[in-house]
Structures are given as C-alpha cells and as structure tokens.
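**Q**
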Amino acid sequence: MSRRITRTPLDLNALLEETTGVDAGAVVVFGGTVRRHDGGEELAALEYDAHEAMAEKRIQQIEREIQEREGVLACRIVHRWGRVAAGEPSVWVVVRARHRPEAFHAARDAIDLVKSRAPIWKEDVTVEGDRRPHPLERGTPLEGS
Amino acid sequence: MSAPPRAGTTTAIHLTFFGPLASLTGSRTRTIELKEDRPTVASLRSALLHECPELKDHLHHVAVAVETEIVQDSTPLEAEARVSLLPPVSGG
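From first to last, the protein sequence lines stand for chains R and P. In terms of our numbering, the first sequence opens at residue 1 and continues consecutively. In terms of our numbering, the second sequence opens at residue 1001 and continues consecutively.
#1: Quick one: does residue 1070 of chain P have its CB under 9 Å from some CB of chain R?
#2: Over what stretch of residues does the alpha helix (DSSP H) that includes residue 1063 of chain P continue unbroken?
#3: Give the residues of chain R in contact with residue 1058 of chain P, contact being defined as C-beta atoms less than 7 Å apart.
#4: DSSP three-state call for residue 1008 of chain P: helix, strand or coil?
#5: Do residue 60 of chain R and residue 4 of chain R have their C-beta atoms within less than 9 Å of each other?
#6: Taking the C-alpha atoms as reference points, what is the distance between residue 54 of chain R and residue 45 of chain R?
#7: Determine the closest residue to residue 1028 of chain P out of P:1056, P:1080, P:1018, with distance taken between C-alpha atoms.
#8: Which of the three DSSP states, helix, strand or coil, is assigned to residue 74 of chain R?
#9: For residue 1011 of chain P, is the classification buried or exposed, using 16 other Cβ atoms within 10 angstroms of its Cβ as the cut-off for buried?
#10: So that I know if they touch, is there some Cβ in chain R lying closer than 9 Å to that of residue 1015 of chain P?
#11: Is there at least one Cβ from chain R nearer than 9 Å to residue 1050 of chain P's Cβ?
#12: Taking contact to mean 3 or more Cβ pairs, one atom from each stretch, closer than 8 Å, check whether the stretch 2 to 22 of chain R and the stretch 72 to 85 of chain R are in contact.
#13: Between residue 1002 of chain P and residue 1044 of chain P, what straight-line distance do the alpha-carbon atoms span, to the nearest angstrom?
#14: Pick helix, strand or coil for residue 80 of chain R, following the three-state DSSP scheme.
#15: Starting from residue 26 of chain R, trace the beta strand (DSSP E) in both directions and tell me its first and last residue.
#16: Just checking: is the beta-carbon of residue 1081 of chain P within a distance shorter than 9 Å of some beta-carbon in chain R?
#17: When the cut-off is 9 Å and only beta carbons count, does residue 1019 of chain P lie next to chain R?
#18: Against residue 71 of chain R, what residues of chain P qualify as contacts under a CB-to-CB distance less than 8 Å, listed in chain order?
#19: List the whole-angstrom C-beta distance separating residue 90 of chain R from residue 32 of chain R, where the pair is believed to meet the contact cut-off of C-beta under 8 Å.
#20: Name the residues in the stretch 77 to 110 of chain R whose C-beta lies less than 9 Å from a C-beta of chain P; which are they?
#21: Are at least three pairs of beta-carbons, each pair with one atom in the stretch 1065 to 1075 of chain P and one in the stretch 88 to 106 of chain R, less than 8 Å apart?
#22: To which residues of the same chain is residue 131 of chain R closer than 8 Å at the C-beta, ignoring the five residues directly before and after it?
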C-alpha cells in the first residue's frame, strides 16, 4: 500500500485501485489543488513541510476512523510534501461507501480531519521565488490523539 | 516525591522546529541544555522563552511531541530526548 505522505506526484489511480470493492454504491473523490492566486497575489507553488512519521501515523488513524463508520467501506488519503506547483494536486481523499450520503459526508470529514490533525505546514512560493510562511494564527493548533 | 535537582546538573534536549517555527528561529534543529536533571515539557517551554525569544508570542499554541506522540506539560523529558515543536497546522 502506498504512503500517506509523499514527496512524489500523487497517483489518484493507485488510491482508486486500492479501494476497489463490489459492495460500494458510491465513490467520492476530493482533491485539493494549489491555487495560482491567493489574496490577489500570483503564486508559483506551495512548499509543504511535515513531520513525516507523525503525519503518516495520524493520516492512517483518520482513515481507520472514517472506515469504522456505518456504510463506509474504504477510505484512503495521500498528501504531498515538498514543493507543489500551482495547479498540481496537494491532497487526494477517496471514500467508497454503500450509498452516496455517507460517502459525501465521510469524504468531507476526512479532509477536515487532515487539515486539523496532520502535522503539515505550507509556505507560499511567489513567482519571484520568495518563500513566505503562512501566519501561525491562520493555522489549527495540534492536539494529542 | 522527586529528588531535588543536583547542583550543576543539565539535561540536553534535541529540538526540531517544524513549519513556520524553522523560519522564525532561522534553524531546523537546535540542542538546548535544561538546568535540571528531571525536566518536564513545562521546563522546556520556560527555557524556550529565553533561548528563542522570537517564539514568545507563539509558544502557547505550539504542541510538543516526543517521537510521534504529543506530550503534555507535565510529561518528563529524558536526557538526549528528541523533541518536535509543532506550530498550528495548515495542511490541505
């Protein structure tokens, strides 16, 4: 099974293949992509930092929590680390469930949990190549698991 | 009841700064000596106010982890512990 956090470009097809199941009536895919413009300024990329081992463990925990829900059959998440160019995906969430309501709900909760629990940070990279950390007050304080 | 600290005893703690903290401190890693032989996470936070004054306004929102687990202020820190300082996250 592939990793949950990786420096290499994300492979959505691998996640879809890993979660294939004949009992699922719905599959929901959420993708986060790097915006070209943020607050009116043009960006070349985002630079992601991560506590690799902790992020891997916490994203696996999120997958397990989501999969334990009634009607959810599979959940897989993968997040980029390092530099991600504008327009490229930074995260994929794949949820398969028996029916669409629980699939949509689970996929939304999964990405929300990644954003609040995974030790991952991003900096803007301007078209001039300058790096600018996101203000700490815009982040979510990490809590113990 | 814990033993009183021995005079002159220090405990080395190896820090890694993640995310914006690395930019704020200008370094990814640093080793600091805590002037206690049985320090806790709270001792580390106090020491950081002096060692890294640039973090003063942010430390209350910074989580502390040993290995892959977030630890509380009362948690003891072993000598040579490898501690991660984790600011508010911004993944996705």
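All C-beta atoms in this analysis are idealised placements derived from N, C-alpha and C, irrespective of residue type, glycine included.
**A** With the given structure in hand:
#1: The residue given as residue 1070 of chain P occupies position 70 in the second sequence. Answer yes: the Cβ-Cβ gap between residue 1070 of chain P and chain R drops below 9 Å somewhere.
#2: Counted from its first residue, the second sequence places residue 1063 of chain P at position 63. From DSSP, residue 1063 of chain P is part of no alpha helix (DSSP H) but of the beta strand (DSSP E) over 1063 to 1066.
#3: Residue 1058 of chain P sits at position 58 when you count from the first residue of the second sequence. Correct list: 136.
#4: Along the second sequence, read from residue 1 onward, the residue named residue 1008 of chain P stands at position 8. Coil at residue 1008 of chain P, not helix or strand.
#5: On the first sequence, residue 60 of chain R is found 60 positions in, with the first residue counted as 1. On the first sequence, residue 4 of chain R is found 4 positions in, with the first residue counted as 1. For residue 60 of chain R and residue 4 of chain R, yes; Cβs fall inside 9 Å.
#6: On the first sequence, position 54 is the one that residue 54 of chain R refers to. On the first sequence, position 45 is the one that residue 45 of chain R refers to. Cα to Cα, residue 54 of chain R sits roughly 24 Å from residue 45 of chain R.
#7: As a working note, residue 1028 of chain P is residue 28 in the second sequence. Answer by Cα proximity: P:1018.
#8: Residue mapping note: residue 74 of chain R aligns to position 74 of the first sequence, counting from 1. In the structure shown, residue 74 of chain R sits in a strand (DSSP, three-state: E or B).
#9: Along the second sequence, one-based indexing puts residue 1011 of chain P at 11. Residue 1011 of chain P sits buried, since 16 or more C-beta atoms from the chains shown fall within 10 Å of its C-beta.
#10: By 1-based counting over the second sequence, the position of residue 1015 of chain P is 15. With 9 Å as the cut-off, residue 1015 of chain P does not count as an interface residue toward chain R.
#11: Along the second sequence, one-based indexing puts residue 1050 of chain P at 50. For residue 1050 of chain P, the answer is no, since every Cβ of chain R falls outside 9 Å of its Cβ.
#12: yes
#13: As a position in the second sequence, residue 1002 of chain P is number 2, starting the count at 1. As a position in the second sequence, residue 1044 of chain P is number 44, starting the count at 1. Reliability of the predicted coordinates at residue 1002 of chain P is poor, the pLDDT of 49 falling under 50, and the value obtained from them is presented with this limitation in mind. Computed Cα separation, rounded: 18 Å.
#14: Within the first sequence, residue 80 of chain R is the residue found at index 80, counting from 1. Note: residue 80 of chain R maps to strand in three-state DSSP.
#15: Along the first sequence, read from residue 1 onward, the residue named residue 26 of chain R stands at position 26. Taken as a continuous stretch (DSSP letters only), the beta strand (DSSP E) holding residue 26 of chain R covers 26 to 33.
#16: Residue mapping note: residue 1081 of chain P aligns to position 81 of the second sequence, counting from 1. So no, residue 1081 of chain P is outside the interface.
#17: Translated into the one-based positions of the second sequence, residue 1019 of chain P becomes position 19. Judged by the 9 Å Cβ criterion, residue 1019 of chain P is in contact with chain R.
#18: Numbered from its first residue, the first sequence carries residue 71 of chain R at position 71. Correct list: empty, because the minimum Cβ distance to chain P is about 25 Å.
#19: Within the first sequence, numbered from 1, the residue matching residue 90 of chain R stands at position 90. Within the first sequence, numbered from 1, the residue matching residue 32 of chain R stands at position 32. Contact flag correct, Cβ pair sits at about 5 Å.
#20: Those residues of the stretch 77 to 110 of chain R that come within reach of chain P (Cβ to Cβ, closer than 9 Å) are 79, 90, 91.
#21: no
#22: Numbered from 1 along the first sequence, position 131 holds the residue referred to as residue 131 of chain R. Closer than 8 Å at Cβ, skipping near neighbours: 47, 123, 124, 125.
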